[in-house]
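Asker: The structure is given below, and queries will be raised subsequently.
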Amino acid sequence: MQWIKNLINRIKLEIQYRKKLKELRKRDPFIYK
Amino acid sequence: MIIVAGGDSFVYGSELADCNNTPSNNTFTALLAQQHTYHCAAYPGNSNEAIARQTVNACHQYNPDRVIVSWTFPGRYEFRFGYNTGQRLSPWYSINSWTVEQNVSAIEQEFVTKDEDILKAQIETIERAKKTGVADFARTFYQHVGSTEYWEVYSSLKEIVYLQNYLKSRNIPYLFTLADYSIFDNYTIQHRDATIASLVDSIDMSRFYFFPPGTQNGETTTPRGFYQWALENKYKVGTTHPLEEAHYAAYLLLQDYFNAVD
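Protein sequences appear in the order of chains A and B. Quick note on numbering: our numbering labels position 16 of the first sequence as 32, and the sequence is numbered without any gaps. Quick note on numbering: our numbering labels position 27 of the second sequence as 198, and the sequence is numbered without any gaps.
This is the structure we're talking about:
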C-alpha cells in the first residue's frame, strides 16, 4: 500500500507545482534583458 | 551625495532607450539621483536575495549617503551554483518560473509588445539553463520547495529584514518600494505563524513607499507596486517593462518621500 501513497503524493506535488508555475508566470512576466 | 539603487530590471532600466548592457539613467531611481552620484546595483531578473546581496555589496564599496531599493516579485530565488552557469553574474543565478519553460510560444504570449530579438534572447538563456543543469535544479526546487507560497513569502521577508537591519546599523538613510505588492498581500501573512509574524513585526513599514491603490473597476485595490501601478495606469510598455513615461511619473510620486528620508 505504501507505493500507492507515494504515487498519490507525487501526483499531488506535481499538480501543486504546475499550478504554482502558472500563478508565478501570470504575476511575473520576466524577460532576460 | 552618493546614492545606491538596488532592484531588478525595472531599476536597471531594461527596455528603456538608453539601456544597452549598462543601467539606464531614466529609471525612477536614476531620476531621483540625477543631481547626485548614482550607482545602480540592480540587475535584470534579480530575486529578492540577489537584490539584498548586491545592495549590501554596493554599500560596502561606495559608502552611500542614501539608498533606494525596489523589491521584486517573490517566487524568484538566487543560488550560488557549484559550476559556471554561463550567465553574466555566474556562479550566482536567480531562477524563476520561466527557467523551467521549454515552450517558446508560452514565453511569447506574455509579451505586451512582440520583439523577435528579445524572444531570441529568452530562448538562448533557457537553452543555456538546460545545458548547464540549472533548469533541472530549478524544476526540482520548484517541485519540492518553491511551489509553496510560504517559502516565497518567508524568503522575501527575510531579505527585507536583512537589508533593512544592515542599513539601519550603519545609519544609511533609505527608502524601500516594490514592483508588486504580493509580498505583503497573501494568505501566509494574513494567517501568519510565529516565524512569519516575527519577520513582519521586524519590518519598519514607515520606510516603504507603496504606489496608490487603483480606483477604477478591475484595478488592484490594495497598495500597488511600480509594475502594477504602471500597467493599470496604461503607461507604455515594451515587451514587458514600463517605459520612460511611467518612470518619470513614478519619480514625481516618489521624490518628496525620497528627499525626506533621514
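Beta carbons: idealized from backbone N, C-alpha and C, even for Gly.
Quick one: grab the DSSP three-state call for G216 of chain B.
Answerer: Here residue 216 of chain B is taken as the residue at index 45 of the second sequence, counted from 1. Three-state result, G216 of chain B: coil.
Asker: When the distance is taken between beta carbons, is G177 of chain B closer than 9 Å to S268 of chain B?
Answerer: Against the second sequence, residue 268 of chain B aligns to sequence position 97. Against the second sequence, residue 177 of chain B aligns to sequence position 6. No, Cβ-Cβ distance for S268 of chain B and G177 of chain B is not below 9 Å.
Asker: Count Cβ pairs between the segment 196-209 of chain B and the segment 37-44 of chain A that sit closer than 8 Å; are there 3 or more?
Answerer: Short answer: they don't touch.
Asker: Look at the alpha carbon of A333 of chain B and the alpha carbon of A229 of chain B, and state the distance between them as a whole number of angstroms.
Answerer: Position 162 of the second sequence, counted from the first residue, corresponds to residue 333 of chain B. Position 58 of the second sequence, counted from the first residue, corresponds to residue 229 of chain B. Just to set this straight, residue 333 of chain B is Tyr in the shown sequence, not Ala. Roughly 15 Å separates the two Cα atoms.
Asker: Taking the continuous alpha helix (DSSP H) assigned at E415 of chain B, which residues delimit it?
Answerer: Counting from one through the second sequence, the residue named residue 415 of chain B turns up at place 244. First-last of the alpha helix (DSSP H) with E415 of chain B: E415 to A431.
Asker: Which residues in the same chain as Y358 of chain B place their Cβ atom closer than 7 Å to its Cβ, once the five residues preceding and following it in sequence are excluded?
Answerer: On the second sequence, residue 358 of chain B is found 187 positions in, with the first residue counted as 1. Excluding sequence neighbours, Y358 of chain B sits near E320.
Asker: On the premise that A350 of chain B lies in contact with Y406 of chain B, defined as a C-beta separation below 8 Å, what is that separation, rounded to the nearest angstrom?
Answerer: Here residue 406 of chain B is taken as the residue at index 235 of the second sequence, counted from 1. Here residue 350 of chain B is taken as the residue at index 179 of the second sequence, counted from 1. Contact flag wrong, Cβ pair sits at about 14 Å.
Asker: Just by C-beta distance, which residues in the segment 378-393 of chain B are closer than 7 Å to chain A?
Answerer: Answer set for the segment 378-393 of chain B: empty.
Asker: With a cut-off of 8 Å, do at least 3 Cβ pairs link the segment 359-374 of chain B to the segment 210-220 of chain B?
Answerer: Judged by Cβ distances under 8 Å, the segment 359-374 of chain B makes no contact with the segment 210-220 of chain B, as fewer than three pairs qualify.
Asker: Quick check: is the beta carbon of L29 of chain A nearer than 9 Å to any beta carbon in chain B?
Answerer: Here residue 29 of chain A is taken as the residue at index 13 of the first sequence, counted from 1. Yes - at least one Cβ of chain B is within 9 Å of the one on L29 of chain A.
Asker: Using the Cβ count rule (16 or more neighbours within 10 Å means buried), how would you classify G216 of chain B?
Answerer: Counting from one through the second sequence, the residue named residue 216 of chain B turns up at place 45. The residue in question, G216 of chain B, is buried, as its Cβ has 16 or more Cβ neighbours within 10 Å.
Asker: Quick one: complete alpha helix (DSSP H) runs, 4+ long, within the segment 296-341 of chain B?
Answerer: Complete alpha helix (DSSP H) runs here, min 4: 305-312 and 320-340.
Asker: Across which residues does DSSP place H210 of chain B in a beta bridge pair?
Answerer: Taking the second sequence and counting its residues from 1, one reaches residue 210 of chain B at position 39. Looking at the DSSP assignment, H210 of chain B forms a beta bridge with B:V175.
Asker: Could you compute how far the alpha carbon of N430 of chain B sits from the alpha carbon of K339 of chain B?
Answerer: In the second sequence, counting from the first residue as 1, residue 430 of chain B sits at position 259. In the second sequence, counting from the first residue as 1, residue 339 of chain B sits at position 168. So the alpha carbons of these two residues sit roughly 17 Å apart.
Asker: Starting from the C-beta of E390 of chain B, find all residues in its chain whose C-beta is less than 6 Å away, skip the five residues before and the five after it, and write them out in chain order.
Answerer: Stepping through the second sequence from its first residue, residue 390 of chain B is reached at position 219. Only E403 meet the Cβ criterion.
Asker: Are the beta-carbon atoms of V227 of chain B and Y264 of chain B separated by less than 9 Å?
Answerer: Here the question's residue 227 of chain B lines up with position 56 in the second sequence. Here the question's residue 264 of chain B lines up with position 93 in the second sequence. Not closer than 9 Å, so no.
Asker: Nearest-angstrom Cα distance between F381 of chain B and R395 of chain B?
Answerer: Counting from 1 along the second sequence, the entry for residue 381 of chain B is found at position 210. Counting from 1 along the second sequence, the entry for residue 395 of chain B is found at position 224. Distance between the alpha carbons of F381 of chain B and R395 of chain B: 6 Å.
Asker: My guess is that T410 of chain B and E186 of chain B are in contact by the Cβ rule of under 8 Å, so how many angstroms apart are they, rounded?
Answerer: Reading the second sequence from its first residue, position 239 is the one you call residue 410 of chain B. Reading the second sequence from its first residue, position 15 is the one you call residue 186 of chain B. With a Cβ gap of about 7 Å, T410 of chain B and E186 of chain B count as contacting.
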